[in-house]
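Notes to accompany the following structure.
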Amino acid sequence: IGKEIEVKNAATVKYHLDQLKNKNLLKRPANMLGLEQFKESLIKSWEALINVPVLGTANCGAPLSIANELLEGYLRISPKLLPDSDQSHFFALKAEGNSMNMASINGQSIEDGDYVIVDNSKTDPQQVKYALSIIDGCANIKRVVLDSNNERITLVSEYTEEHNPIYIHKDDDFLINGSVVEVIKNPVISSQ
Numbered sequence: 048i049g050k051e052i053e054v055k056n057a058a059t060v061k062y063h064l065d066q067l068k069n070k071n072l073l074k075r076p077a078n079m080l081g082l083e084q085f086k087e088s089l090i091k092s093w094e095a096l097i098n099v100p101v102l103g104t105a106n107c108g109a110p111l112s113i114a115n116e117l118l119e120g121y122l123r124i125s126p127k128l129l130p131d132s133d134q135s136h137f138f139a140l141k142a143e144g145n146s147m148n149m150a151s152i153n154g155q156s157i158e159d160g161d162y163v164i165v166d167n168s169k170t171d172p173q174q175v176k177y178a179l180s181i182i183d184g185c186a187n188i189k190r191v192v193l194d195s196n197n198e199r200i201t202l203v204s205e206y207t208e209e210h211n212p213i214y215i216h217k218d219d220d221f222l223i224n225g226s227v228v229e230v231i232k233n234p235v236i237s238s239q
């Protein structure tokens, strides 16, 4: 308001606003929060966020990142972004590579630098569309295709360029560590 009326002193602006309120010439709309109510609302919103542990990286290409599950920090996210109210079985990984940039997880692709949220309660290949898999000790993100005729699982990239699938036999050193259920896009922060 001060900029609009070319007044630099905030106290002067407050004084004039108070004078208008006292003369009933300025009223707060019923649906407008006061400063204290706004602060309380922000605090409640912040307290409602949950900490999802970030446990390293996973490749969206050839499985090269060792699945070490070392805690690197937390993502503060709204529980509304998770498909289940039990948040104890969710963790996040940072995606490396672009071989899943045509995937669609809740309408979001997975691009280099994005975080994926994994539900580690879903490990059955028949229940998982996009999986965090562990191949020879390395973490990898791919779409799961079951090939029961040949007793194998095929891990497929969804990319604008061709990537060879990964074929897994039932006796290979392989496991599905969870289902990718959400993508938190890597924020682009403007320098302006």
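Residues 48 to 239, numbered by the numbering used here, are exactly what the sequence shown covers, in order. Just so you know, even glycine gets a beta-carbon here, dropped at the ideal spot from N, CA and C.
Query, Result
"When the Cα of D159 is compared with those of S146, E51 and G49, which residue comes out closest?", "S146"
"As a quick exercise: from N153, I213 and L193, pick the residue whose alpha carbon is nearest that of I181.", "I213"
"So, at 8 Å on beta carbons, what are the nonlocal neighbours of G49 in its own chain, with the 5 sequence-adjacent residues on each side left out?", "K55, N56, A57, T59 and V60"
"For the pair the segment 189-206 and the segment 122-138, tell me if three or more CB-CB distances fall below 8 Å.", "no"
"Quick one: using the 10 Å Cβ neighbour count with 16 as the cut-off for buried, is P130 buried or exposed?", "exposed"
"Please list, in chain order, all residues of the same chain as E116 whose beta carbon is under 6 Å from its beta carbon, the five residues on each side excluded.", "L102"
"Would the beta-carbon of C185 fall within 8 Å of that of A114?", "yes"
"State the Cα-Cα distance for the pair L111 and L96, rounded to the nearest angstrom.", "32 Å"
"Thinking just about the alpha-carbon of each residue, which of H210, E209 and D194 is nearest to the one in F216?", "One point to set straight first is that residue 216 is His, not Phe, in the sequence displayed. For H216, the nearest C-alpha among the options comes from D194."
"Exposed or buried, what is Y162 when buried is set at 16 or more other beta-carbons lying within 10 Å of its beta-carbon?", "buried"
"Assuming I223 contacts V175 under a Cβ cut-off of 8 Å, what Cβ separation, rounded to an integer in Å, is found between them?", "6 Å"
"Please report the distance separating the alpha-carbon of N211 from that of E143.", "17 Å"
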